[in-house]
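One structure below.
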Amino acid sequence: MAKKVEVLLREHVQYLGKCGDVVHVSAGYARNYLFPHSLAAIANDDNKKQMTRRRAKLDAEEVLRSAEIDKLVAVLAAVTVTTKAKADAQGHLYGSVNAGQIAELLSKAGHPTEEKHVRLDAPLKTVGKHAVKVHVHGERTADVTVVVEAEMGDAG
Numbered sequence: 004m005a006k007k008v009e010v011l012l013r014e015h016v017q018y019l020g021k022c023g024d025v026v027h028v029s030a031g032y033a034r035n036y037l038f039p040h041s042l043a044a045i046a047n048d049d050n051k052k053q054m055t056r057r058r059a060k061l062d063a064e065e066v067l068r069s070a071e072i073d074k075l076v077a078v079l080a081a082v083t084v085t086t087k088a089k090a091d092a093q094g095h096l097y098g099s100v101n102a103g104q105i106a107e108l109l110s111k112a113g114h115p116t117e118e119k120h121v122r123l124d125a126p127l128k129t130v131g132k133h134a135v136k137v138h139v140h141g142e143r144t145a146d147v148t149v150v151v152e153a154e155m156g157d158a159g
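Counting in the working numbering, the final residue of the sequence shown is number 159, and the numbers go up one at a time with none missing.
Structure representation (structure tokens):
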């Protein structure tokens with residue numbers, strides 16, 4: 004069984020912990036990955052004191068970043084974008100509205116968004132209002148309203 008060592012994280016490490024956390028990892032992981040990449044240090048009293056000061060600074064920055072993210076989520080939640088697509092008399096689209104088109108609409112409306120940040124379970128295939136999630140940061144998303152209007156097809 005591999006020996007576990009106690010290390011102090013210098014940076015956020017996904018699936019392991021945040022900066023300043025003391026975690027137990029295998030000796031090989033610490034020696035071969037965390038230490039060479041300056042992601043962790045040995046958890047002794049001196050390093051813990053130093054990290055406490057750094058953690059306070061990082062927490063203050065996190066509060067500011069969180070406030071900016073909240074503002075961005077509020078702004079995006081108030082956005083409504085409209086598009087036209089060919090539809091039949093029942094309101095079913097002949098095609099669909101996908102994430103790329105929604106990202107383009109948001110960018111034209113002054114909110115630059117990448118296609119990968121638009122969260123659609125499936126492309127929009129009906130006329131009407133649709134709430135679409137847009138990834139902002141971390142686990143934060145904003146609900147943007149997408150209105151799909153009918154542009155009657157040649158058959159309708």
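Ideal Cβ positions, reconstructed from N, Cα and C, are used throughout, including at glycine.
Quantities reported herein were computed from a predicted structural model and do not represent experimental measurements.
Check	Outcome
Do the CB positions of Ala-134 and Val-76 come within less than 7 Å of each other?	no
Tell me the rounded alpha-carbon separation between Glu-14 and Gly-103.	34 Å
At the level of alpha carbons, what is the spacing between Ala-88 and Gly-94?	10 Å
What residue range is occupied by the uninterrupted alpha helix (DSSP H) comprising Thr-55?	48-80
Taking the Cβ atom as the reference point for each residue, do Leu-11 and Val-25 lie within a distance shorter than 7 Å?	yes
When DSSP labels each residue in this structure, what does Arg-122 get in the three-state scheme?	strand
Tell me, to the nearest whole angstrom, how far the beta carbon of Thr-83 is from that of Val-150; I am working on the premise that it is less than 8 Å.	6 Å
Taking the alpha-carbon of Ile-45 as reference, which of Asn-101, Glu-9, His-114 and Ser-110 has the nearest alpha-carbon?	Glu-9
Check Ser-41 in the structure and name its three-state DSSP category.	coil
For Tyr-18, which of helix, strand or coil comes out of DSSP?	coil
Kindly indicate which three-state DSSP category Arg-13 falls into: helix, strand or coil?	coil
Which term fits Val-16, buried or exposed, when burial requires 16 or more other beta carbons within 10 angstroms of its beta carbon?	buried
Looking only at its chain, what residues have a beta carbon closer than 8 Å to the beta carbon of Glu-117, apart from the 5 residues adjacent to it on each side?	Ala-106
Apart from the five residues on each side of it in sequence, which residues of its chain come closer than 7 Å, Cβ to Cβ, to Lys-132?	Thr-148 and Val-150
In this structure, how does DSSP classify Ala-145 when only helix, strand and coil are distinguished?	strand
Between the Cα of Gly-20 and the Cα atoms of Tyr-97, Glu-154, Asn-50 and Ala-43, which residue gives the shortest distance?	Ala-43
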